[in-house]
Structures are given as structure tokens and as C-alpha cells.
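Numbering (our numbering), first residue to last: 87 to 494.
First the structure, in the form of C-alpha cells, and then the observations on it.
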Amino acid sequence: MNWKREKAPSTHISAGLEAAAAVAGILLLAAALLANQGWWDRHFLPLFFFSHEKYVLGERLARLAAAAVGLSLIFLLRPIVGRVTSRMSVGEIATGLLRIALAIGLALAATEGMMGHKFAFAAAETQPGEEPPRQPDARLGWVFVPAHDGKTTAGEREIAYSTDRLGYRVPNRDTPVDVNLPSLVFTGESIIAGYGLNWDETIPAQTGAALNTQSAAIAVFGYANDQAYLRLQSELPRFHRPLAVISLFIPSLFARNLGDDRPHLGPGLGWKPAVHRLWVSALFRFLVPYHGEAEIEQGIQTTRAELLATAALARRHGAISLVVDPQFGSETPAERMLRRRILEEPGIDYVRVKLDPSWHLKGDLHPDPRAAHAIAMAIASRLKAELGVDLAGGTPPFNGAYDDAAAN
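Rendered as C-alpha cells:
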């Protein structure tokens, strides 16, 4: 009788642990069945640096993994837990659970400490040894180091990067942007700044050459639309004769606009400081980029407001505003929805450029010189009529200097 009284509580606990394992397994199975493509499209936004085909494959593998783990919990782990814990006392079960919790806690603490020494705070802030180097900025998060010349290798080519005293990308730091000249002002991120491209291959340089007008590339690698707008706010007043402001919106980069691990703009375009999280939490958010529908809707509204504010700022300085939307390959339903909601519904003036899917850097999805040329010519053609200028010698063809074999 005493033995039954001692063992009865552990039997209840054993049954409870079995039930917990079964419930967890059932939930994972349900998630695998219910998380169809429509659900993924609503909560996992398209990513520029990850092709749609790989993204869909990743989604399917995640569903298969959830189903496999769910079945393992129900048919393998649950009976094992039941058999093992049924032979243990209440104290032994409690001690075992405590040890598991302690092990998990120590592992997370160790991971936190390791990541704290190896990872930058914002994922897009900087990469060690990357050209051009970036430095912290309290309002924008980061900017290019000014007055710098550097070289690196991208796509098996040597690429030179230079910035002038204002941190604008230029052919070399001895040829700075002249703010007194009529200028096309380009704001944005690495596509506009010309990642993996020499200066004369970049979108600003090719557009300026086509229109025989100075281009000022104030874009900075890693920027979201709010940072690009804030950068324009601080830099556009320097220019005495800005002719046009060209910015960029790509639906597959929209997820970057939802980031708050850097200075950012909230509802009403109010500036907000970076949100500091544990490194483990930040890594989890990076690896599992789930977004609720309310968060995505707020991001759509804020991005629309930023692009409208960009156009209004350009007009106040006597310039026209144009948004460029490059599209590699076919457009996914999620990308189409974002383009319609953010660009078309509010009537933002934009030019969409369809590009050959192969026109990207080797081992990287940034535009290669051919894609940059196509984008630049689309911008130049749109600006030609609005600015009342002639293309410099017509629309210049791509000169073929780019090594196509090395690119792909």
C-alpha cells in the first residue's frame, strides 16, 4: 500500500508528460497541414537575396520537417517518455526536468555570449573587411566612411570603391560631387550604390552619362526605405540645383523596412531608436522571418508614407521624383501585391524594369553591369521628357566590357 501511495503521483506526472508530447506532436502536424502556400505568402515575405524557387523549396522542407517531428513526438518520444518516467519517483522526475531546463539555459547563455562577440547589432550594418567601409551614425544607423579609396573582389572582378568628403560614392575621392552643379540625386541601398560594380557601371553613373548630367550617389549599402528617406532629408539641402531625386523600391526588399534593430521611422514617420534584443532572439528572428499581418500592413502604410514624403521633399527643392522598381524574372503574387499596395494605390510615379534573371553577379543576386545599364536607360528615358534634356548621343548601348563568362 505504501508503494502505491509513493508511485501514484509519478504515474500522473508520467501520463501528463506523455500527453504533452502527444499535444506538441499534434500541433506540429496541424501546422504542417494548415501552413499552405497562401499562409506562407501572407507571413513570410519575399527576399531579394533568396530566389523564389529556393524559398518555396524551403517552405516545403519546413512543412515536412514539422510533420516528421510531430510524428516522432507522437509515436516514438511519447511512449519512451511514458516508460522511463513511470519507473521514476516524483523527485527523480523533478530533478531530471530541472537538469534539462538548466542545460538549455546554459546553452542559450553560452550562445548569447558567443554571438555578442561575433555578430554586428543590425544584420545590414556592416560586414568585416567589406568595401566601402561603414561607420556608425546616430540618426541613420550607419554611413559610408568619407574620403576613402578601396578595392575588393566581387564576382571574380576587382572592384574599386571611392567616397568623397560627404560619403557619396564617386569615381575617386579626388573627383567629389559638386553640389553647385545641376544634379541627379540617387538615394537608396546597395543596388543604387553599385555593389560589385565599378563606378562607371553603376546606375547613377550610367544615367548621368546618358543625360550628360552630374549624378550624386548618396545611397548606402544595407539601407531600408526609411533610411534612404532620412539620408535624403539630410543631404538634399546641400544641392543648389537638384533636377531629380531617384529612389528605389523592390518588393523583395520590403522585409528590410520592417526591421527595428536600427534607427527607423514608425507610424507618422516619427524617428525611433534601435530596439535592442538578446542576440539569440535577434538570430531567431533572422532565421525565422515570420511577420504578422498587422505588422505587414503597418509596414505597407509606412513605406507608402516614406515614398510620398520623398516625392514631396524633392518638389520642395525644385526637383522631380522617380522611384525605380527592378524585377528579375517573373513576379510572384506577394511581390505583385506589395507593388500594387505601395506604389500604385497612392499614385507614386515609378518605372518598372524587367530584367533577365541571369543578369546578376556571379554567386550574388545584385545586378551586374548589363542589368544596371538596363535600369539606368529606363530611368534616363523617363527623365528625358520630364527634364526637357537630350540623351547624350542617344541611348548608349552596353559596351560589352563585362565578362559574361565570369558573371555566370
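Positions of the beta carbon are idealized from the N, C-alpha and C atoms, including for glycine.
If you're wondering where the values come from, they're calculated on a predicted model, not measured in any experiment.
Query, Result
"Where Leu150 falls, given that 16 or more other Cβ within 10 Å makes a residue buried", "exposed"
"Distance between beta carbons of Leu424 and Pro337, contact taken as under 8 Å", "4 Å"
"Among Arg427, Gly474 and Pro419, nearest to Val142 - alpha-carbon criterion", "Pro419"
"Cβ pair count under 8 Å reaching 3, the segment 295 to 308 against the segment 274 to 285", "yes"
"Val170, enclosing beta strand (DSSP E) - first and last residue", "It is not in any beta strand (DSSP E) - Val170 instead sits in the alpha helix (DSSP H) that spans Arg164 to Ser172."
"Own chain, CB closer than 7 Å to Arg468, minus 5 neighbours either side, in chain order", "Leu408 and Val437"
"Nearest residue (CA-CA) to Asp235, options Tyr247, Leu355 and Glu242", "Tyr247"
"DSSP beta-bridge partners of Ile461", "None, per the DSSP bridge assignment."
"Ile428 vs Arg390 beta-carbon contact at 8 Å", "yes"
"Gly156 versus Leu114, Gly177, Pro453 and Arg128, residue with shortest Cα-Cα distance", "Leu114"
"First and last residue of the uninterrupted alpha helix (DSSP H) at Asp127", "Gln123 to His129"
"Classification of Asp33 by the beta-carbon crowding that lies within 10 angstroms, buried from 16 upward", "Nothing can be reported for residue 33: it is not among the residues displayed for the chain, which extend from 87 to 494."
"Cβ-based neighbour list, Arg225, same chain, cut-off 8 Å, excluding 5 preceding and 5 following", "Leu316, Ser320, Pro349 and Trp357"
"Given Ala397 as reference, the closest of Pro218, Val271, Thr238 and Leu447 once Cα atoms are compared", "Val271"
"Straight-line Cα distance separating His446 from Asn266", "35 Å"
"First and last residue of the uninterrupted alpha helix (DSSP H) at Arg243", "No alpha helix (DSSP H) contains Arg243, which is instead part of the beta strand (DSSP E) from Arg243 to Thr249."
"Identity of the residues DSSP links to Tyr436 by a beta bridge", "Val409"
"Pairwise C-alpha distance: Asn343 and Pro432", "18 Å"
"Own chain residues within Cβ distance below 7 Å of Arg128, not counting five before or after", "Glu379"
"Thr97 in three-state terms, based on DSSP", "helix"
"Distance CB(Phe335)-CB(Leu297) smaller than 8 Å", "no"
"Residue range of the unbroken alpha helix (DSSP H) whose run includes Gly66", "Residue 66 lies beyond the stretch modelled for the chain, which goes from 87 to 494, so this question has no answer here."
"Identified DSSP bridge partners for Thr299", "DSSP lists no partner for Thr299."
"Collapsed DSSP secondary structure at Trp365 in the structure displayed", "helix"
"CA nearest to the CA of Ile245, picked from Ala360, Val167, Asp454 and Ala460", "Asp454"
"Secondary structure of Phe307, DSSP reduced to three states", "coil"
"C-alpha gap between Glu383 and Pro257, whole angstroms", "40 Å"
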